[in-house]
Amino acid sequence: MNAFVPFAAILSSVLFILALMWMSHPTTARRGVRAGEIGMAVAIIGALVQHEVVDYNLILIAMVAGAAVGIPMALLMPMTAIPQRTAISHAFGALAVGLIGAAEYYKHAHAEYAGGFIMWALMFEMLLGFLTCTASVIAFAKLQEIMGSRPVSFVGQRVLNGGVALATVVIGAMLAIDPTQTWLFPAFVALALLFGVLLVIPIGGADMPTVIALLNSYAGLAASAMGFALGNKLLIVAGALDGASGFILAVIMCKAMNRSFANVMFGGFGKVVAGAAGGKDDRVVRSASAEEAAMQLENSSSVVIIPGYGMAVAQAQHKVSELYQALTKKGVDVKFAIHPVAGRMPGHMNVLLAEANVPYEQLVELDDINPELPQADVALIIGANDTINPSARDDPQSAIAGMPIIEADRAKSVFVIKRSMNAGFAGIDNPIYYNSNTQMLFGDAKDMVGSIAKELAGGGSGLH
Amino acid sequence: MSSLNPDYLFVFILAAFVGFQLIKKVSPLLHSPLMSLTNAIAAVVIVGAISITGEEGATPLAKTLGFVAVFCATVNLVSGFMITDRMLKMFKPRGK
Numbered sequence: 001m002n003a004f005v006p007f008a009a010i011l012s013s014v015l016f017i018l019a020l021m022w023m024s025h026p027t028t029a030r031r032g033v034r035a036g037e038i039g040m041a042v043a044i045i046g047a048l049v050q051h052e053v054v055d056y057n058l059i060l061i062a063m064v065a066g067a068a069v070g071i072p073m074a075l076l077m078p079m080t081a082i083p084q085r086t087a088i089s090h091a092f093g094a095l096a097v098g099l100i101g102a103a104e105y106y107k108h109a110h111a112e113y114a115g116g117f118i119m120w121a122l123m124f125e126m127l128l129g130f131l132t133c134t135a136s137v138i139a140f141a142k143l144q145e146i147m148g149s150r151p152v153s154f155v156g157q158r159v160l161n162g163g164v165a166l167a168t169v170v171i172g173a174m175l176a177i178d179p180t181q182t183w184l185f186p187a188f189v190a191l192a193l194l195f196g197v198l199l200v201i202p203i204g205g206a207d208m209p210t211v212i213a214l215l216n217s218y219a220g221l222a223a224s225a226m227g228f229a230l231g232n233k234l235l236i237v238a239g240a241l242d243g244a245s246g247f248i249l250a251v252i253m254c255k256a257m258n259r260s261f262a263n264v265m266f267g268g269f270g271k272v273v274a275g276a277a278g279g280k281d282d283r284v285v286r287s288a289s290a291e292e293a294a295m296q297l298e299n300s301s302s303v304v305i306i307p308g309y310g311m312a313v314a315q316a317q318h319k320v321s322e323l324y325q326a327l328t329k330k331g332v333d334v335k336f337a338i339h340p341v342a343g344r345m346p347g348h349m350n351v352l353l354a355e356a357n358v359p360y361e362q363l364v365e366l367d368d369i370n371p372e373l374p375q376a377d378v379a380l381i382i383g384a385n386d387t388i389n390p391s392a393r394d395d396p397q398s399a400i401a402g403m404p405i406i407e408a409d410r411a412k413s414v415f416v417i418k419r420s421m422n423a424g425f426a427g428i429d430n431p432i433y434y435n436s437n438t439q440m441l442f443g444d445a446k447d448m449v450g451s452i453a454k455e456l457a458g459g460g461s462g463l464h
Numbered sequence: 001m002s003s004l005n006p007d008y009l010f011v012f013i014l015a016a017f018v019g020f021q022l023i024k025k026v027s028p029l030l031h032s033p034l035m036s037l038t039n040a041i042a043a044v045v046i047v048g049a050i051s052i053t054g055e056e057g058a059t060p061l062a063k064t065l066g067f068v069a070v071f072c073a074t075v076n077l078v079s080g081f082m083i084t085d086r087m088l089k090m091f092k093p094r095g096k
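In the order they appear, the protein sequences are chains R and E.
Everything in the first sequence is counted per UniProt numbering, starting at 1 for the first residue and increasing by one.
Everything in the second sequence is counted per UniProt numbering, starting at 1 for the first residue and increasing by one.
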């Protein structure tokens, strides 16, 4: 039976690689999931038939219990909560990695392993595993709004973080050099867990997409490190794929905000609220009603809808989809412009609109929609603010200068659905609201989009 | 007896390289399902947890740690694959 094991690992690795390959496009993506599932099944069977494994009871009980938790979690989770689920799922994965590392450590806590490669790999694996676990729990708490999404900062934070990081690494190194010092081990685990908490509390809600992607990458690297320690190539491959994926997504998120990793991790974005422009109250804001907006939308030939996180908060995606259907029926070309950081995790906005039955061809990314915007008759902004702020492009002094934006202001006319004139998350003034081609639709996103859609469906006959 | 086996590094570097190439090609449309899929794939650490829990002569501590690890990894992989599929099912082309 053992002869099968290395081949099972090769087969699983191939299937995992195919899974990612097929993820490239919506038409093949579900096949990718199948490949991943089969790969996982092969890997698990491979692990179960090793002749070192003699006791199956505990394993089966744990697997049944895990499935009993995992299945309802997958079926009942609303799509708006996908970022939270992903965060908590990283925590579970990282905890598993940490615990396996701990068990391996106790197995190897003998003088003969002192200073050996296995010990170093195990320490590295546990450091990443345990810190990713608590960091993901904090990210989950922030996303679920159990904790405030504002950055938490205090005096001496950097010194404390640096101290904890240093202490963790030093104790980890001491254990690697002399693994028989088992009394140090709980301190190592506790410090790694604490470091994870400290790492994420200073990061604000708007940076969550980057943080989740980074934690995804850490969880993968931890799995790879475990592969090095256990001498398991399948773990190395799967971990490297996950690590690469998280890393690329984190880079994309950083680029979309024109910020560096260091800035995301230590910047405390959203703290500096510039109350600079004193004369801004003199500027004129034009507001319009749902009827007026409906009439103008109906008479357009092309409309670009720009959704932001505010749309998701207001749960307006289904109403937005109704609006899309109504306009399409009237022969208006409607596209959605999706900014990479619109949402609380990479790609979140696409999932929400897909759930509301918007065909995926209509969801257009930033670089592809910007050249089309000057020809668009109407840009309709729903719950987006910083991602359409022209000062990022025009004002080098702006706090978000250089951040790629969706150039909504270049459309022939602009409608903005917004609750009030309050500044956005980053507290940055947005000149688009005062442009002469902009009209504000004040109100809740869901209600406002709903009434525009109703106007369009009712032919604007004023029956209400 | 234990120093870094260069084979492992070789495998890691190649896999990371393949990963970069593949992920770069994934449409931004699918970044959320991509993340939950890779997360589910990383739950393959369950194979390590299985060895620890079921191995001959496992100490009670190892069995306990392994048991929790198998549980966590199972939650992760079951919910990860299922929710990825649930998300992907919603991505429909025009006219459907």
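Glycine is no exception: its CB is placed at the ideal position from the N, C-alpha and C atoms.
Bear in mind that the values here come from a model prediction, so they are computed numbers and not experimental data.
Of the residues the options, the one placed nearest residue i, counting alpha carbons only
{"i": "Gly115 (chain R)", "options": "R:Gly70, R:Leu235, R:Pro179", "result": "R:Pro179"}
{"i": "Glu104 (chain R)", "options": "E:Asn39, E:Gly66, E:Gly95", "result": "E:Gly66"}
{"i": "Ala35 (chain R)", "options": "R:Arg286, R:Ser13, R:Val54, R:Gln50", "result": "R:Ser13"}
{"i": "residue 550 (chain R)", "options": "R:Val237, R:Ala65, R:Glu52", "result": "Chain R is shown from 1 up to 464; residue 550 (chain R) falls before or after that span and cannot be answered."}
{"i": "Pro307 (chain R)", "options": "R:Gln362, R:Ser301, R:Ala288", "result": "R:Gln362"}
{"i": "Asn435 (chain R)", "options": "R:Pro186, R:Ala139, R:Phe415", "result": "R:Phe415"}
{"i": "Gly70 (chain R)", "options": "E:Ala69, E:Val68, E:Val70, E:Asn76", "result": "E:Asn76"}
{"i": "Ala121 (chain R)", "options": "R:Arg344, R:Ala222, R:Asn385, R:Ala96", "result": "R:Ala222"}
{"i": "His110 (chain R)", "options": "R:Ile400, R:Lys233, R:Glu455, R:Thr182", "result": "R:Thr182"}
{"i": "Ser287 (chain R)", "options": "R:Leu166, R:Ser413, R:Ala187", "result": "R:Ser413"}
{"i": "Ala141 (chain R)", "options": "R:Leu380, R:Ala91, R:Ala96", "result": "R:Ala91"}
{"i": "Ala384 (chain R)", "options": "R:Lys418, R:Asn370, R:Ser398, R:Leu352", "result": "R:Lys418"}
{"i": "Leu191 (chain R)", "options": "R:Pro202, R:Ile203, R:Val164", "result": "R:Val164"}
{"i": "Val303 (chain R)", "options": "R:Thr328, R:Val97, R:Ala290, R:Ala314", "result": "R:Thr328"}
{"i": "Ala326 (chain R)", "options": "R:Val33, R:Val351, R:Ala294", "result": "R:Ala294"}
Paired residues, beta bridge with residue i - DSSP
{"i": "Met440 (chain R)", "result": "R:Ser287, R:Val416"}
{"i": "Lys335 (chain R)", "result": "R:Val304"}
{"i": "Met55 (chain E)", "result": "Met is not the amino acid found at residue 55 (chain E); the sequence shown has Glu there. Answer is R:Val53, bridged to Glu55 (chain E)."}
{"i": "Ala379 (chain R)", "result": "R:Val304, R:Val414"}
{"i": "Glu365 (chain R)", "result": "R:Ile338"}
Residue burial classification, residue i (beta-carbon count within 10 angstroms, cutoff 16)
{"i": "Ala94 (chain R)", "result": "buried"}
{"i": "Leu297 (chain R)", "result": "buried"}
{"i": "Phe228 (chain R)", "result": "buried"}
{"i": "Ile146 (chain R)", "result": "exposed"}
{"i": "Met123 (chain R)", "result": "buried"}
{"i": "Ala276 (chain R)", "result": "Residue confidence for Ala276 (chain R) is low, a pLDDT of 43 falling below 50, so the modelled location carries little weight; the figure read from the coordinates is stated next. Exposed."}
{"i": "Asn299 (chain R)", "result": "exposed"}
{"i": "Arg150 (chain R)", "result": "exposed"}
{"i": "Gln439 (chain R)", "result": "buried"}
{"i": "Lys25 (chain E)", "result": "exposed"}
{"i": "Phe91 (chain E)", "result": "buried"}
{"i": "Tyr309 (chain R)", "result": "buried"}
{"i": "Tyr433 (chain R)", "result": "buried"}
{"i": "His51 (chain R)", "result": "exposed"}
{"i": "Gly205 (chain R)", "result": "buried"}
{"i": "Glu455 (chain R)", "result": "buried"}
Chain R within 9 Å of residue i, Cβ atoms only
{"i": "Pro6 (chain E)", "result": "no"}
{"i": "Ile83 (chain E)", "result": "yes"}
Test: residue i CB closer than 9 Å to a CB of chain E
{"i": "Ile71 (chain R)", "result": "yes"}
{"i": "Ser13 (chain R)", "result": "yes"}
{"i": "Leu99 (chain R)", "result": "yes"}
{"i": "Asp242 (chain R)", "result": "yes"}
{"i": "Ser245 (chain R)", "result": "yes"}
{"i": "Thr134 (chain R)", "result": "no"}
{"i": "Glu37 (chain R)", "result": "yes"}
{"i": "Asp394 (chain R)", "result": "no"}
{"i": "Ala316 (chain R)", "result": "no"}
{"i": "Gly278 (chain R)", "result": "A caution first: Gly278 (chain R) carries a pLDDT of 42, below 50, which makes its placement in the model unreliable, though a value can still be read off. No, its Cβ sits nowhere closer than 9 Å to a Cβ of chain E."}
{"i": "Ser260 (chain R)", "result": "no"}
{"i": "Pro179 (chain R)", "result": "no"}
{"i": "Thr182 (chain R)", "result": "no"}
{"i": "Val304 (chain R)", "result": "no"}
{"i": "Gly55 (chain R)", "result": "In the sequence as presented, Gly is not what sits at residue 55 (chain R); that position holds Asp. It does: the Cβ of Asp55 (chain R) has a partner Cβ on chain E nearer than 9 Å."}
Residue i: contacting residues in chain B (beta-carbon distance under 7 Å)
{"i": "Thr86 (chain R)", "result": "In the structure shown, chain B does not exist; the protein chains are R and E."}
Report task. Determine contact between the region 256-264 of chain R and the region 150-162 of chain R, defined as no fewer than three beta-carbon pairs at a distance below 8 Å. Result -> For the pair of segments examined, the region 256-264 of chain R was found not to touch the region 150-162 of chain R: the number of CB pairs separated by less than 8 Å stays below three.
Query - the region 248-258 of chain R contacting the region 208-216 of chain R, beta-carbon criterion three pairs below 8 Å - result: The region 248-258 of chain R vs the region 208-216 of chain R: in contact.
Report task. Decide yes or no for the touch test of the region 307-327 of chain R against the region 12-22 of chain E: beta carbon pairs closer than 8 Å, at least 3 of them. Result -> In this structure the region 307-327 of chain R does not lie against the region 12-22 of chain E, because fewer than three pairs of beta carbons, one per stretch, are closer than 8 Å.
Query raised in the report: Any contact of the region 33-48 of chain E with the region 37-49 of chain R, i.e. 3+ C-beta pairs under 8 Å?
Result: The region 33-48 of chain E, when compared against the region 37-49 of chain R, does touch it at the 8 Å Cβ threshold.
Requested in this report: For the region 386-398 of chain R and the region 428-436 of chain R, state whether three or more C-beta atom pairs, one from each stretch, are separated by less than 8 Å.
Outcome: Flag = yes, the region 386-398 of chain R and the region 428-436 of chain R touch.
Requested in this report: Flag this pair as touching only if the region 127-146 of chain R and the region 194-213 of chain R have three or more C-beta atom pairs under 8 Å; answer yes or no.
Outcome: Using a C-beta cut-off of 8 Å, the region 127-146 of chain R makes contact with the region 194-213 of chain R, since at least three inter-stretch Cβ pairs fall below that distance.
Requested in this report: Could you say if the region 71-88 of chain R and the region 327-347 of chain R meet the contact criterion of at least three C-beta pairs nearer than 8 Å?
Outcome: Cβ pair count under 8 Å is three or more, so yes.
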